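Right, one structure below, let's go through it.
Chains as they are written, first to last, in the working numbering: chain B, 407 to 518; chain R, 553 to 660.
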C-alpha cells in the first residue's frame, strides 16, 4: 500500500510557467519534506514542515514555495521554472525528525 | 547539517563478489542511516545505527558504525543483480544530510 503518494509521476511544463507538485501521506506523520534530486546526485533538501511550522533551507531559491494545508497534504510550487529546475522532486515524511524517512515515488519534472 | 563523504562513487561488481562502501565524517555523528535507491526509484530506508561500534546485519548486508562514530560502512557479500542501485548514507543533524552515494552495477 502506497503511504506517501506523489502526483503526477511525470510533469512537463513550459519555461516560466508556474507548476505545482503534490504529496499526500496516509501515515499521519507530522514532518513532511521536499527534496530535489538531479541525475547522479544525492537528494537535496529544499524545505520541510514540522506540523505547520515551515523550515526553509538557506540555499533554496525564492522561486520554490510550499504549502501544507493539513497533516496529509503538502504542495511544492515553482513560480517560474527555469531549465535548471528540471529534476526529480521527492516528498518524504517521518514522525520525528531523526527517524527514518518514508519517500514517495517522486515527480519527474521536465521544462520545455 | 553535518557533512559526510562517501566512497567510492561507482562500484562495478562481478556477480557473487563482495564489496564495501564507506561513509566518513570529520565530526562525531549522533546517528547514521543507510538508504538504497534503485534505478528510477526512490530512496528506501535500510537501517539506522546509533551506538559506537554497532554492527547490524540484514541477510547479505552488514552495516557498521565506527568506534569513534565518525565513519560507517556497508558490506555486501555474494552480490546479486538485485543489489543494483545507489546506496546512500545519511546523517541527521537537524536535517537529513546525504552522502554522495555509491552507484553499484553488477555484471553477471
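Glycine is no exception: its CB is placed at the ideal position from the N, C-alpha and C atoms.
Computed from a prediction, not measured in an experiment: that's the story for all the values here.
Kindly identify the DSSP beta-bridge partner or partners of residue 450 of chain B. As a working mapping, residue 450 of chain B is identified with position 44 in the first chain. Answer is B:442, bridged to residue 450 of chain B.
Give the range of the beta strand (DSSP E) segment to which residue 595 of chain R is assigned. Here the question's residue 595 of chain R lines up with position 43 in the second chain. Its beta strand (DSSP E) spans residues 595–601.
Run the CB neighbour count on residue 620 of chain R, radius 10 Å, all protein chains shown included, and call it buried at 16 or more, exposed below. Counting from 1 along the second chain, the entry for residue 620 of chain R is found at position 68. It counts as exposed.
Any beta carbon of chain B sitting closer than 8 Å to that of residue 564 of chain R? Here residue 564 of chain R is taken as the residue at index 12 of the second chain, counted from 1. Not an interface residue.
Looking at the strands, I want to know which residues DSSP matches up with residue 642 of chain R. Numbered from its first residue, the second chain carries residue 642 of chain R at position 90. Bridge partners of residue 642 of chain R: R:585 and R:650.
To which residues of the same chain is residue 652 of chain R closer than 7 Å at the C-beta, ignoring the five residues directly before and after it? Stepping through the second chain from its first residue, residue 652 of chain R is reached at position 100. Same-chain partners within the cutoff: 558 and 561.
Determine the extent of the beta strand (DSSP E) in which residue 558 of chain R is found, giving its start and end residues. Position 6 of the second chain, counted from the first residue, corresponds to residue 558 of chain R. First-last of the beta strand (DSSP E) with residue 558 of chain R: 557–559.
Going by the CB atoms, is the gap between residue 427 of chain B and residue 481 of chain B shorter than 8 Å? Position 75 of the first chain, counted from the start, is the residue given in the question as residue 481 of chain B. Position 21 of the first chain, counted from the start, is the residue given in the question as residue 427 of chain B. For residue 481 of chain B and residue 427 of chain B, yes; Cβs fall inside 8 Å.
For a contact meaning CB atoms closer than 7 Å, what does residue 650 of chain R contact in chain B? Start at 1 with the first residue of the second chain, and residue 650 of chain R comes out as number 98. Under the 7 Å cutoff, chain B gives 448 and 449.
Do we get a CB-CB distance below 8 Å when we pair residue 496 of chain B with the residues of chain R? Looking up residue 496 of chain B in the first chain gives position 90. Chain R contact via Cβ: present.
Tell me where the beta strand (DSSP E) around residue 473 of chain B begins and ends. Counting from 1 along the first chain, the entry for residue 473 of chain B is found at position 67. Residue 473 of chain B -> beta strand (DSSP E) spans 470–473.
Cβ shell of residue 648 of chain R (< 6 Å), same chain only, five flanking positions each side left out: The sequence position of residue 648 of chain R within the second chain is 96, counting from 1. Only 642 meet the Cβ criterion.
Could you list the residues in the segment 589–605 of chain R with a C-beta less than 8 Å from some C-beta on chain B, going in chain order? 593, 594, 595, 596, 597 and 600
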